[in-house]
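In the working numbering, the protein residues as written are 1 to 150.
Glycine is no exception: its CB is placed at the ideal position from the N, C-alpha and C atoms.
The structure displayed is predicted, hence computed values, not measured ones.
Written out below as structure tokens is the structure these notes cover.
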Amino acid sequence: MILENMLNSQDFGIRQEDYNRLRPLSYRGADVFILAFSLISKSTYEDISKKWIPELRHYAPGVPIILVGTKLDLHDDKQFLTDHPGAVPITTAQGEELRKLIGAPAYIECSSKTQQNVKVVLDAAISVVLQPPKQKKKKKRKGQKGCSIL
């Protein structure tokens, strides 16, 4: 099977303020988002729930998200952690907790330097597109009518 147009990456080459305004325009038609944070940076971890999830839920509601922790090779690197005392490693448990919080079908830790789990990330994204997770049905309460006035 050949998957055409599997990955669409855009680089606008513009100022950050303009990019923030134009970025949501690229979300239309997306089948899946891969949201990544650094396993050695608490601020990037926090940005997932503070910045990226609200933005994606607003501009692309219902599109599944694969959560990815990057720089796995540095996560337990004692020399790196000694040289960078400000680095705060994110645990696998914290990643899983965030996955549940945002409703992502998968959380994967990877390293582009060593290539560990990079293919797993792409396979998970493809799998979610080809076999999307089932949506939870809202249960109606007894006596509740199916009409809403907005």
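To the nearest angstrom, report how far apart D123 and I40 are at their CA atoms.
-> C-alpha separation (whole angstroms): 24 Å.
Comparing the C-beta of T114 with each C-beta of chain E, is any distance below 8 Å?
-> Here there is only one protein chain, and chain E is not present.
For Y27, which residues from the same chain have a beta carbon less than 6 Å from its beta carbon, with the 5 sequence-adjacent residues on both sides left out?
-> Y59 and A60
Rank V121, T114 and L22 by C-alpha distance to the C-alpha of K71 and give the top, closest one.
-> T114
Does the pairing of the region 50-57 with the region 77-85 give three or more beta-carbon distances under 8 Å?
-> no
Roughly how many whole angstroms lie between the Cα atoms of E97 and Y107?
-> 10 Å
For Y158, which residues of its own chain have a beta-carbon under 6 Å away from its beta-carbon, when the five flanking residues on both sides are left out?
-> Outside the shown range of the chain, which is 1 to 150, sits residue 158, and nothing can be said about it.
Tell me whether E4 is buried or exposed, calling it buried when 16 or more other Cβ atoms sit within 10 Å of its Cβ.
-> Legend: pLDDT at E4 = 49, less than 50; position of this residue unreliable, value from coordinates given subsequently. Under this definition E4 is an exposed residue.
Under the three-state DSSP convention, the category S127 falls into = S127 falls in the helix class under three-state DSSP.
Could you spell out where the beta strand (DSSP E) holding Y107 opens and where it closes?
-> A106 to E109
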